[in-house]
Every structure is written in structure tokens, then in C-alpha cells.
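Presented below is the structure to which this report refers.
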Amino acid sequence: MMTMPPPEPVAARPAASTGLVIAVLALCGTLVSLQQTLVLPLLPDFPQILGTTSDNASWLVTVTLLAAAVGTPIISRLADMWGKRLMLVVCMWAVILGSLISALSSTLGVVILGRGLAGLGACLVPVGISIMRDHLPAERVGSGVALMSATLGIGGAVGIPLAGVIYQAWDWHSLFYVSGGFAVVMLLAVLRVVPESTVKTRGRFDYVGAGLLSVALTCFLLAVSKAGSWGWTAPLTLALLAVAALVLAAWVPWELRTGQPLVDIRTSMRRTVLLTNAASVLVGFAMFANFLTAVQQVQMPVATGYGFGLSVVATGLWMLPSGIAMVLMSPVSAALIRRTGPRSVLIGGAVLMAVGFISRSLLHGSVLQVMATSGIASVGTAMAFAAMPTLIMRAVPITETASANGLNTLLRSIGTSSASAVVAAVFAASVITTGAAAGAPTLTAYQTVFWAGAAAALGGALIATFIRRPALVREVVADPAAAPAPTGERTHVKAEGELPELLVRGVVRAPDGRPLRQAVATVLHPDGRHVDWGRTDNEGRLALALPEAGRYLVVVSADGWAPQSGLVELDAEETRVVTMTRRLLLSGLVTDDGRPAGEVLVSLIKHSGEYVGTTHADAEGHYEIGLPPPGRYVLTAVDHPTGRTRSRALTVLSTSTTLDVDLETGIPRPPERTTVTTADPA
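Residues in the sequence shown are numbered consecutively from 1, following full-length UniProt numbering.
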């Protein structure tokens, strides 16, 4: 092995540059939330403005939701492949173009088209979070992610009063001019401040997977969003839900089979990722339920007995403290994540959201009580939203950061759209029928939503408790040149400029040159600190992100093969080829009343009946079959001259397995079922 010279130290990133990157990306999050809330105050007026029905006008919100849901996984995957800043710029241009189209038209269809393009701005959030992981020092990532998550709240709080002020001072077209102008400013800021990531994963885009997922999401979200007006049992609603389920059932096997999937299902099924995503749906539901009900409750007529009749502008001003509290909570959330871990912060945030909802069901006698209790839930939202991307990023390869965060953002949006549908259904089912407040939801309807929000938040907290705590590893390295530490140890401190930006490519093959798909390679520092991991595609290729060229511990494993490891000099100049050398085997001895039985047929099938492989024992009765994936199997020996057969059930884990078979049934034998414990997992 060739020894490389020590790598040159990487220059530290200036602190001002780091802070500026965080600020620009956080403002991108504000732009996203503005797109989602800017038209909400005007929805009652849009039917008259555009000469249409209320149901048609609701598409101005629905199309934004659909575009965001469909675009998020696609844009996020393209960001991992082609560059994260590039996709930020694409999303900015989509918002600018969409805002311009809406501003220059007074036709419903054209305005809906513009709103759909602007909806792609939602993709800015997962891509921006991934840029933070790529470019910020490790100690600044948590605070940056927390701030970007909090700006979603401040954008929502600012959007409503801003829309009211603009609409009263000018006209509705001005909303889109302001939105597009803000997007132009942010585009220039991104081009000036945000660097392009060198962490890219080249490959083939999964067009089939993107198409199937787009159809499934469109059908599901369309059914959920419009069920309030169509009816939950309407044929169209049920048909859309059925199509979504069928297409999703076809999409999952496709993603498992394709070498470079749009969404890596296997990574998404990792315990931390799966549980975090499941909690995200419930937390997203609770977040939007709190936002919707707080806005509507204070605007309800005083005649309802619980409303306060506030104007749109006054409502926004009362909500502003909640948004500011979310921003102020971001550094606190980051500090809590560093001290206690993201799992604990997610649980704490979800529980705090539940406390806010329970308080809202009990305290509603004044505007101050409503805003204080909804503010408690908002602070919990800031904590939970800061913790979820951190959990995701710690559990996925750095080359899949954007797509993993995109899936998490998508699931949160499914939670928010479900909350909108549930709130609409509950409010429609329980209305005041007499008096000046006729047609308004009852207080019981609001309390039902509050308890549903509390249940969703507590459900998210319960799911998060099953996320495993990461092992705490103290990083200690020998450094004779360093001054003795007070404790007598040498503690390694990650330099601010030590950023994971060097991409190393590799190929994993069998001895015959055949590529091994779904093999896993993990890179560690020589002192054991984790760097990155990746999984091979159908051609056996993978990409790993390193902080710099140098010597690393590389561990490679694949189903059916003994794991391999070694200290290797890695750089970006060449593609590393790893050849797995030792095949794990299912082997044993076939006997006849204790004597070797030669030339006997040995066949292996899955417990469910699928064929695996066939071989023949040698003259001494020995047989060998390549170890199949872990699972339950049946091994059968067949002696054709005598017509005798013998079958044994076994459970294969991830180690070479020995199973002897005796054709004579009259002698004592081991138990019918054999379970093999793992000795050298691959």
C-alpha cells in the first residue's frame, strides 16, 4: 500500500462567513413560510376578486401544498446529485416566476399556476439544512438548523398581518410583487454568500420512482385536502385514496429493487430515521392544528362566547410574539441538543406542545390566554423541529442528507395537510345554528381539535422514546507535542475548518468481478471516530464524504460475505475497488446411519417455498452452498438410488452455518429446528 504524505491543514472558515451563511439560509426558511400564509387572509375575498366559487378559490392553497409535497423529494434527491446551492437557485427562480405570473394575471387558472410554481419554495428547507451540514463547523450545525426551523414560525406569524396591511394599502397583486421581490433579494444573497457543496453523489436519476411517488402523493393529498368539500365517502375521494394506496404499493418494491432510488427505503427503515419520520407526521399535525385554531379563534365573532372579533392585522400582531419566541428558542434548542441529545429535545418539545393544547382547552377567556397557551405549543414546536433534522442527519450518509431531510419534510407536510382536513371536518360537524354567530364552530369543536392536537403531540413523544440513545464516545488521541491536559489526557477537538467536503468513490465486487449491490462501507478515523457510511447501488458503486485525504479505517460488509476491514489511504484521485474474498457458507456432512453418503443431492429453499440453490455432496458426504440472506430455510438431502429424502429446518443469521443431515431416520438426531447465533456478522 502506498503511503501518502500528511494532508495540508484545511483553512478554518471565517466566523463572519459562517454566521452569514446561517442568516441567509434561515431567511430562505422565512420565504417558504411566507408563501404558505400570504394568501390565507384573502381566501374569503378571492371568490369575488377572481369571479369564482369558494371551492375553486381554495385551490390557491391546495396547489401550493401539492407542488411542495411532490417537489420536495425530487428536488432533494437532485440536490444530493447535482449540487445543493444549484437546487436552491432553481427553487428561488420558481418562486420568482410563480410570483410574477400571479401578480400579472387576474384569471383563476393562471394565478393557480403561479401559486403552484411558488410552492416549490418549500424545497428550500431540507436543501438548506443539508447545506448547513456540509459547510458549517460541527458546533454550529445544531444552532443553524434550530434557527432555520424557527424561522418557519416567524414567517407564518409575519405573513398574516403583512398580507392584511398590503391588501388594505394597495391591492391583492401587491402580495405577489412583495413575495417575488423578497425571493429576488434572497436569490442574490444565496449566489453571493452560500458556497456550492462538493459533496455530490453522481448517478442516474430514478424517473420511475419519482413518477410513481408523485402520483401517489398527488392523489392522497388531493383527497385529504378536498374531502371537506367533496365528502369523505364521496366516490372521487375514495377513488383517489385507493389509487394512492395501489401506486404506493408498487413504488416501495421498485425503490427496493433499483440501484439508485429516489428514496433509499433501506436507509429510511433504520430505526432512528423510521421513528423520527413517524413522529414528524404527528408533530406536523399538532403544529398546524395549533396555528390554524389560534388564528381563527381570535377572529371569531364575540357573539360565539369564545371569540374576540379581531381583524386580520390585529390577529397577526397578537401572533407575532409566538413567532419571535420560536426564533429566541432556537439557540436554546441547539444548546439543549448539545447537552442532552436531539432525542430528549424532541420528546420535550412534543410534551410541551401537548401542555400547550391542554392549556388551550381550559384557558380561553381572553386574547392573552389564547396567545400565551398557543405560544407554549409554538415553543414546543421550535424544539421538536430543531431536533428532527439533527436526528435524521446523524443516521444517514452525508451523501444522502438532502434526500433524507426531504422525506422528513414531506412527512411533516402530510401531517399539516391532515390537520387542515381534520380541523375543517370537526368545525363543519359542530356549528352554532342560531343567533348572530350562526355558522361559526362551537367551542366544543375547538376543544375537540385541542385534545386531538395534544394526543398527536403525545403520540410523537411516545414514538421518540423508542429512538435509541447513541453511544457516547470520548475522543482521546495521543499527541506528544501538545501540552498536558489537566486530566492527563489528550482530547481531540474538531477544528472549525475540518469539514466533510472530500468525496471518495469506491466499488465493491465479488472475486469473479461481479458487483455486489447493497454492500455497506463505513469509514472511521484511526482512533475510532465515525466519519461516514454508504451503500452500493446495482453496479456496486458508492460514494463517501471525508473531511480530508488521509489514512482511515474502512469496514465493508455484504450479505453472504465475511466482512473486511483495513487502514487505507483515501483520496479523491482514484476509485477504490474492494474485492470480497471470503464467501460465507452453509455447509455440512450428509450421512447414512452415521456413515458418509457421497453424491447426494442437497437443495435449499426458503421457508415460504422459494427456491434458493442446489448442490451435490462430494464422495465424503461434504456439501457447501453460498450463505443466503438471513431468514428461515429448509434444507433437503435426496438419495436417488434409494429414494430416501431428509429435510431439516434452520434459521440463518449472518454467519457461516454448519448443518449435518443423516438420511437414516432411526438414529438419534439433533432438534428439528436449528438456530445459528451470529459470530462474524457481515
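Glycine included, every Cβ here is placed at the ideal spot set by N, Cα and C.
Counting other Cβ atoms within 10 Å of its Cβ, D512 stays below 16 and is therefore classed as exposed. Rounded to the nearest angstrom, the gap between the Cα atoms of S603 and A617 is 10 Å.
For E400, the number of other beta carbons within 10 angstroms of its own is at least 16, and it is reported as buried. Closest in C-alpha terms to R257, from the list H622, Q518 and G121, comes Q518. Inter-segment contact for the region 586-593 and the region 624-631 is present: three or more beta-carbon pairs are separated by less than 8 Å. One alpha carbon belongs to R77, the other to G365, and they sit about 48 Å apart. With a cut-off of 8 Å on Cβ pairs, the region 349-367 is in contact with the region 449-456, counting three or more such pairs. Judged by DSSP in its simplified three-state form, Q296 adopts helix. Three or more Cβ pairs closer than 8 Å define a contact, and the region 373-391 meets that threshold against the region 325-343. Every alpha helix (DSSP H) of 4 residues or more that sits fully in the region 396-461 is shown, in chain order, as 401-429.
With respect to L502, A549 sits close: the two C-beta atoms are nearer than 8 Å.
About 6 Å separates the beta carbons of V141 and R133, which is inside the 8 Å limit, making them a contact pair. Looking only at A649, A57 and L410, the smallest Cα-Cα distance to T276 is reached by L410. Under the three-state reduction of DSSP, A558 is assigned to strand. Of the residues assessed, V431 falls on the exposed side of the cut-off, its CB having fewer than 16 other CB atoms within 10 angstroms. Within 10 angstroms of the beta-carbon of Y446 lie 16 or more other beta-carbons, which makes it buried.
Note that the C-beta distance between S102 and R115 is below 8 Å. G588: member of the beta strand (DSSP E) spanning L585 to D592, first to last residue. Secondary structure note for Y207: it is in no beta strand (DSSP E), and the uninterrupted alpha helix (DSSP H) holding it is Y207 to W230. In this chain, the beta strand (DSSP E) harbouring G506 covers L502 to R509.
In its chain, beyond the 5 residues on either side, P441 and A445 have a beta carbon closer than 6 Å to the beta carbon of F427.
The criterion of a C-beta distance shorter than 8 Å is satisfied by L42 and Y167. Excluding five sequence positions before and after A402, the CB atoms of its chain that fall closer than 7 Å to its own CB belong to S76, A79, D80, K84, P126, V127 and S130, given in chain order.
When beta bridges are read from the DSSP output, E569 appears opposite R551. If you look at R535, you'll find it isn't in any alpha helix (DSSP H); it sits in the beta strand (DSSP E) that goes H530 to R535.
In the DSSP annotation of this structure, the continuous segment of the beta strand (DSSP E) that includes H616 starts and ends at Y611 to H616.
In the structure shown, D134 adopts helical secondary structure according to DSSP, grouped into three states.
DSSP assignment within the region 331-392 yields the following whole alpha helix (DSSP H) runs of 4 residues or more, N-terminal first: 342-362.
If the five residues before and after G159 are omitted, its C-beta is found closer than 7 Å to the C-beta atoms of S33, L34, T37 and L38, all from its own chain and listed in chain order. Contact check for L546 against V523 passes: the beta carbons are separated by less than 8 Å. Non-local C-beta neighbours of T448 in its own chain, meaning closer than 7 Å and more than five positions away in sequence, comprise V426, ordered along the chain. Look at the beta carbons and you see the region 245-256 not touching the region 271-289: under three pairs across the two are nearer than 8 Å.
Per DSSP, I625 is one residue of the beta strand (DSSP E) stretching across H622 to G626. Excluding sequence positions up to five before and after G51, its CB lies within less than 8 Å of the CB of L108, all in the same chain and listed in chain order.
Classified as buried, P73 has 16 or more neighbouring CB atoms from the shown chains inside 10 Å of its CB. Beta-bridge annotation (DSSP): G29 is not paired with any residue.
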